[in-house]
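In our numbering, the protein residues as written are 1378 to 1603.
Here is the structure we will look at.
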Amino acid sequence: MNYFIGLIIAALFIGLNPIHAASIDDEPHLKNITQLTFGGENAEAYFSYDGRELIFQSTRGDLGCDAIFRMHSDGTHVRQISSGEGVTTCAFIAPDNQSVIYASTHLGGQNCPPKPDYSRGYVWPLYEHYDIFKADANGGNLQRLTHTPRYDAEAVFSPQGDKILFTSLRSGDLELYLMTPDGGEVSSSPIRRAMMGAVSFLSMVNGLCGAPRVQAVRSWKPTGRY
């Protein structure tokens, strides 16, 4: 399964009213599009490895910025699994479904950080307080994995669950690093410069994605190689 489908789903569903959206003309891959989320802002949705659940970020209800949620793949049993403090992004479910990872700014303050200036177009804020955290499947026993004073986010598990690939600004540039699931054995140097902050492993592009302006396609080769 290509796990970037979850992101496509989330992007399509924002602002759509009908439960079953119309097919896109000349689109050969996406059929039977079904809306799963209603109200608020919902994005960055990724399937669990067994395809039964989705994890995503959402601003809804009394939340002032994104928190992490899980739901069944049919859109039912939605539940918040992050604390609601700070802002969170880019969650991912471990292959064994026993843990999740996501980035959060909550150690830098309980409130939502200031929003960037969107007057000249879309901006992705690289908040320095973003660090990567690991938690139980439903958000308990939160463990901090990264400890740098700069942006660390956009983490994904390898298919075997033995590595985490993530984006970091620790060198001064957005680059890709590897670490073990406990936050140890962080690669001493970046394995590749990130494209617009994207964490990308694509088998159809010879491993690491190097195509210009490829953004937010977060997957790993099924073999676990990169």
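C-beta: ideal position from N, C-alpha, C; glycine also.
Residue pairing of Asp1508 in beta bridges, as defined by DSSP: Ser1481. Under the three-state reduction of DSSP output, Gln1457 falls in the strand class. Under the three-state reduction of DSSP output, Ala1532 falls in the strand class. Membership of Leu1431 in the beta strand (DSSP E) is indicated by the continuous run Glu1430 to Thr1436. The alpha carbon of Ser1460 has as its nearest neighbour, out of Ile1445, Glu1404 and Asp1451, the alpha carbon of Ile1445. Looking at the DSSP output, Ala1420 bridges to Gln1434. Secondary structure at Ser1425: coil, using DSSP grouped into helix, strand and coil. Val1455 and Arg1447 have their C-alpha atoms roughly 6 angstroms apart. Shown here, Ile1401 sits in coil according to DSSP, grouped into three states, outside any helix or strand. With a cutoff of 8 angstroms on beta-carbon distance, Asp1443 and Thr1453 are scored as not near each other. The straight-line gap separating the alpha-carbon atoms of Leu1413 and His1449 is approximately 10 angstroms.
Judged by DSSP in its simplified three-state form, Asp1513 adopts strand.
Nearest in C-alpha terms to Asn1515, of all of Tyr1495, Tyr1423 and Asn1474, is Asn1474. Taken atom to atom, the span from the alpha-carbon of Val1533 to that of Glu1430 is near 16 angstroms. With a cut-off of 8 angstroms on Cβ pairs, the segment 1533-1546 is in contact with the segment 1464-1479, counting three or more such pairs. Nearest neighbour of Glu1462 by Cα position, chosen from Val1477, Asn1488, Glu1552 and Tyr1479, turns out to be Asn1488.
Exposure of Phe1415 is indicated by the presence of fewer than 16 other C-beta atoms within 10 angstroms of its C-beta. As far as DSSP is concerned, Leu1522 takes part in no beta bridge. The residue among Phe1424, Pro1526 and Asn1518 with its C-alpha nearest the C-alpha of Leu1546 is Pro1526. Per DSSP, the beta bridge partners of Arg1447 are Ile1432 and Arg1456. For Val1477, the closest C-alpha among the options Val1500, Gly1417, Arg1521 and Gly1561 is that of Arg1521. By the C-beta density criterion, Asp1427 is exposed, having fewer than 16 other C-beta atoms within 10 angstroms.
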